[in-house]
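*Asks:* Quick one: this structure, given as structure tokens, is what I'll be asking you about.
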Amino acid sequence: MSLMPRFPVYVISKGRYENCLTPKFLIKDRVPFHIVVEPQEFDEYAKRYGAERILVLPFSNLGKGGIPARNWVWEHAKAAGRERHWILDDNMRRVSRFYKQRRITCSAGAAFHVAEEFVSRYDNIAVAGLNYEMNLGGDRFPPFFLNCHVYSCLLIFNSLPYRWRGRYNEDTDLCLQVLANDWCTVLFNAFAVAKVRTMTMKGGNSDQLYRGDGRLKMASSLKRVWPGVVDVDRRYGRPQHVVRNQWKKFDTQLKLKPGVDLSKLKRVNNFGMSVVQTSTIKNKRLRDALAGDLSTTGTCAT
Numbered sequence: 281m282s283l284m285p286r287f288p289v290y291v292i293s294k295g296r297y298e299n300c301l302t303p304k305f306l307i308k309d310r311v312p313f314h315i316v317v318e319p320q321e322f323d324e325y326a327k328r329y330g331a332e333r334i335l336v337l338p339f340s341n342l343g344k345g346g347i348p349a350r351n352w353v354w355e356h357a358k359a360a361g362r363e364r365h366w367i368l369d370d371n372m373r374r375v376s377r378f379y380k381q382r383r384i385t386c387s388a389g390a391a392f393h394v395a396e397e398f399v400s401r402y403d404n405i406a407v408a409g410l411n412y413e414m415n416l417g418g419d420r421f422p423p424f425f426l427n428c429h430v431y432s433c434l435l436i437f438n439s440l441p442y443r444w445r446g447r448y449n450e451d452t453d454l455c456l457q458v459l460a461n462d463w464c465t466v467l468f469n470a471f472a473v474a475k476v477r478t479m480t481m482k483g484g485n486s487d488q489l490y491r492g493d494g495r496l497k498m499a500s501s502l503k504r505v506w507p508g509v510v511d512v513d514r515r516y517g518r519p520q521h522v523v524r525n526q527w528k529k530f531d532t533q534l535k536l537k538p539g540v541d542l543s544k545l546k547r548v549n550n551f552g553m554s555v556v557q558t559s560t561i562k563n564k565r566l567r568d569a570l571a572g573d574l575s576t577t578g579t580c581a582t
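Note that the sequence shown covers residues 281 to 582 in our numbering.
Structural data, given as structure tokens:
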């Protein structure tokens, strides 16, 4: 049986029923999930992704971005008695695994399951998640980064006393809240998501939040909440909040749960995953990297 997440998966979406990317790869990977939408868009999402997957919010058009939806999801997962929940943006194309110095598409269910397995070993991980492929262009990254931002694909501990707040940069703010109170965050590089760049897709919060001087407002609002930690600079030709080296100030270390002995774990554990060819491999470097797999199993990665 394919590996699947043990915690519920939610995708928040608005105005993207015609091209909601994240549900497409979750359906392809057979991962159970809910799409969380506003009531006026239920029919459009239901006919494309299945009414059984839709959760309808008890409000609409609040003008506060995705914050109310995110907090509603948190309470929904808590009410169901779940320890953690996944919350995903709707503009991601796939999940990949870093394997033999290459990014290879893999099952989202397997990636989520492995991330959960890691998190479950520790007492003090508040927020975890998968990095962006676009941030991992080289081949020299550790399996995860400790105590930094986690964006767009998050696994959240439901018993935290903190919540999504404000209107802008909510991912950064939530991570800063937990780190400032001696919790840890974990950003996985071993698995990553292929996220579409902000403002390149219609729908979502782009129209409400980013138009005009929205970018400057976003960065400035986070600086006001976190003075001395966040600055405003120009990145990629636009205003951007910058935490810079402030992340290094958060040095809380991971705390193993009682009874967990890392020395007794397998040195290498692929959780039953194997590489399978799904199309012609055009990249010579990838073909060479997978030569051993081809000779022993007859399969390879895309």
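We treat Cβ as the ideally placed atom computed from N, Cα and C, and that holds for glycine.
Keep in mind that this is a model prediction, so the values were computed, not measured.
Could you tell me the boundaries of the beta strand (DSSP E) in which Tyr325 lies?
*Replies:* No beta strand (DSSP E) contains Tyr325, which is instead part of the alpha helix (DSSP H) from Phe322 to Tyr329.
*Asks:* Three-state secondary structure (DSSP) at Leu410?
*Replies:* Residue state, collapsed to three classes: strand.
*Asks:* With a 10 Å radius around its C-beta and 16 neighbouring C-beta atoms as the bar for buried, classify Ile315 as buried or exposed.
*Replies:* It counts as buried.
*Asks:* For Arg447, which three-state DSSP category applies?
*Replies:* In this structure, Arg447 counts as coil in the three-state DSSP scheme.
*Asks:* Phe392 by DSSP, collapsed to three states: which one?
*Replies:* Helix at Phe392.
*Asks:* Can you name, in chain order, every residue of its own chain whose Cβ lies under 6 angstroms from the Cβ of Leu335, other than the five neighbours on each side?
*Replies:* Here the set comprises His314 and Val316.
*Asks:* When DSSP labels each residue in this structure, what does His429 get in the three-state scheme?
*Replies:* His429: coil per DSSP, three-state reduction.
*Asks:* Kindly give me the distance between the Cβ atoms of Thr465 and Met372, rounded to whole angstroms, as I take these residues to be in contact under 8 angstroms.
*Replies:* Thr465 to Met372, Cβ: 19 angstroms. No contact.
*Asks:* Would you check if the distance between the CB atom of Leu306 and the CB atom of Gly552 is smaller than 8 angstroms?
*Replies:* Not closer than 8 angstroms, so no.
*Asks:* Quick check: the Cα distance between Pro288 and Trp366, rounded to an integer number of angstroms?
*Replies:* So the two alpha carbons sit approximately 6 angstroms from each other.
*Asks:* Given this structure, state the Cα-to-Cα distance separating Pro422 from Met414, to the nearest angstrom.
*Replies:* When rounded, the distance between both Cα atoms is 16 angstroms.
*Asks:* Could one say the Cβ of Phe392 lies closer than 8 angstroms to chain D's Cβ atoms, at least one of them?
*Replies:* Of the protein chains in this structure there is only one, and it is not chain D.
*Asks:* Is DSSP giving Cys464 helix, strand or coil here?
*Replies:* In the structure shown, Cys464 sits in a strand (DSSP, three-state: E or B).
*Asks:* Can you tell me which of the three DSSP states Thr385 falls into?
*Replies:* Of the three classes helix, strand and coil, the one that applies to Thr385 here is strand, per DSSP.
*Asks:* Mind checking who Met372 pairs with in its DSSP beta bridge?
*Replies:* BP columns for Met372 point to Lys475.
*Asks:* Taking the straight line between their C-alpha atoms, what separation do you get for Val375 and Thr385?
*Replies:* Their Cα atoms are separated by approximately 6 angstroms.
*Asks:* Measure how close the beta-carbons of Tyr431 and Asp451 come, nearest whole angstrom, since I'm counting them as under 8 angstroms.
*Replies:* With 8 angstroms as the limit, Tyr431 and Asp451 qualify as a contact, their Cβ atoms being about 5 angstroms apart.
*Asks:* If the criterion is Cβ atoms closer than 8 angstroms, does the pair Arg445 and Ile292 meet it?
*Replies:* No, Cβ-Cβ distance for Arg445 and Ile292 is not below 8 angstroms.
*Asks:* Expressed to the nearest angstrom, what Euclidean distance is found between the alpha-carbon atoms of Arg447 and Lys344?
*Replies:* Cα to Cα, Arg447 sits roughly 5 angstroms from Lys344.
*Asks:* Based on Cα-Cα distance, which residue from Leu456, Ala474, Val540 and Leu545 lies nearest to Val505?
*Replies:* Of Leu456, Ala474, Val540 and Leu545, the residue nearest in Cα terms is Leu456.
*Asks:* If you reduce the DSSP assignment to three classes, tell me which class Asn469 lands in.
*Replies:* Here Asn469 sits in strand by DSSP.
*Asks:* Using the Cα positions of Arg477 and Phe339, report the straight-line distance between them to the nearest angstrom.
*Replies:* Distance between the alpha carbons of Arg477 and Phe339 is about 28 angstroms.
*Asks:* Could you tell me the boundaries of the alpha helix (DSSP H) in which Leu306 lies?
*Replies:* It spans Leu301 to Lys308 - the alpha helix (DSSP H) in which Leu306 sits, taken as one unbroken run.
*Asks:* With distances taken from CA atoms, which of Tyr290, Ala357, Asn427 and Leu434 is nearest Ala395?
*Replies:* With distances taken between Cα atoms, Ala395 lies closest to Leu434.
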